[in-house]
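Notes follow the structure.
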Amino acid sequence: MDNKIKITRITEGCFLQKGFDNGPFKGCFNAKCGEDQKGDACCRYGCDVDKESYDLMMINREIVEAAIGQPLSLAFKGRWFGTSKEEYLGGEAIRSRTRKEDGFCVFHSKNSKGCTLVKLVLDRGISKRIIPTICRIYPLAYHNNKLGTYDEILKVPIEKGCNCISEENKTTESLFIGQKNEIEDIFEIKLKETKKKVKINSFNNNR
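Sequential numbering from 807 applies to the sequence shown in this note's numbering.
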């Protein structure tokens, strides 16, 4: 898919913050994050679902509905928002609902940890773009063509106990390097700052 979100600025935090121990999905899955240390803390708010992710869910509707245990027509709330492909894959987004019984996103696994969409990607070979962008790159975030860490961009702390900030995390890779596959797929990076371009070149050479 050629559709990508443009990034013209990258914060230092992307290069200074540690990445996940075992990649973005495995590292996150094993984290004891949140105040209760039960994990999946970032799944407790719902998420902005890119139009492209939404379309892929609809293409795979029967599989997704079986996984979440409800019709997709009940999985979203509010109106579509966003005005261009520079904000969301597909040009706009819609918010996912959370479950009344436990407060988790409707796409969170009911009987286990993790996201049902991630599991469908891993188990059924569906495109990664069915996973909303903000979920794929957490704890990175972006706004107005700027990529940075969650706390830098959204001014909200990274979830307590997240693997990337855990003292037990032994990785030497930064978030930017650890998330390189997701970054390459989602973003078109064209920077103006020379200092950052050097780091980007180093990133490209390590692919």
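We put the CB at the ideal spot given by N, CA and C, even for glycine.
Looking at Glu898: is its Cβ nearer than 7 Å to the Cβ of Trp886? yes
Smallest Cα separation from Arg930: which of Glu965, Val870, Ile989 and Ile900? Val870
Through-space distance from His949 to Lys844, alpha-carbon basis: 29 Å
Rounded straight-line distance, which links the Cα of Phe982 to that of Asp827: 13 Å
Do the segment 935 to 955 and the segment 808 to 820 make contact, defined as three or more Cβ pairs closer than 8 Å? yes
Quick one: what's got a C-beta closer than 7 Å to Gln985's C-beta in the same chain, skipping five residues either side? Gly825, Pro830, Ile943 and Leu946
Using the C-alpha atoms, what's the distance from Glu974 back to Gln823? 14 Å
Can you look up Phe913 in the DSSP assignment and give me helix, strand or coil? coil
With DSSP as the reference, label Ala881 as helix, strand or coil. coil
Drop a sphere of 10 angstroms on the beta-carbon of Ala873, count the other beta-carbons inside from all chains shown, and report buried for 16 or more, exposed for fewer. buried
Hey, Cys853 and Pro938 are a contact pair by Cβ (cut 8 Å); roughly how many whole angstroms apart? 5 Å
Three-state class that DSSP yields for Thr904 in the structure shown: strand
For the putative contact between Lys919 and Asp846, defined by C-beta atoms under 8 Å, what is the C-beta separation to the nearest angstrom? 6 Å
May I have the straight-line CA-CA distance separating Ile900 from Ile811, to the nearest angstrom? 17 Å
For Thr904 versus Cys911, is the C-beta spacing smaller than 7 Å? yes
Go through its chain and collect everything with a Cβ distance to Glu858's Cβ below 6 Å, but skip five positions before and after it. Leu895, Gly896 and Arg935
Go ahead and label Asn917 buried or exposed: buried means 16 or more other beta carbons lie within 10 angstroms of its beta carbon, across all protein chains shown. exposed
Excluding the five sequence neighbours on either side, which residues of its own chain have a C-beta within less than 6 Å of the C-beta of Arg850, listed in chain order? Gly909 and Phe910
Buried or exposed: which applies to Ile964, given that a residue is buried once 16 or more other Cβ atoms fall within 10 Å of its Cβ? buried
Reduced DSSP secondary structure (H/G/I, E/B, other) of Ser933: coil
List the DSSP bridge partners of Glu994. Lys812
What separation, rounded to the nearest whole angstrom, lies between the Cα atoms of Ile813 and Ser933? 22 Å
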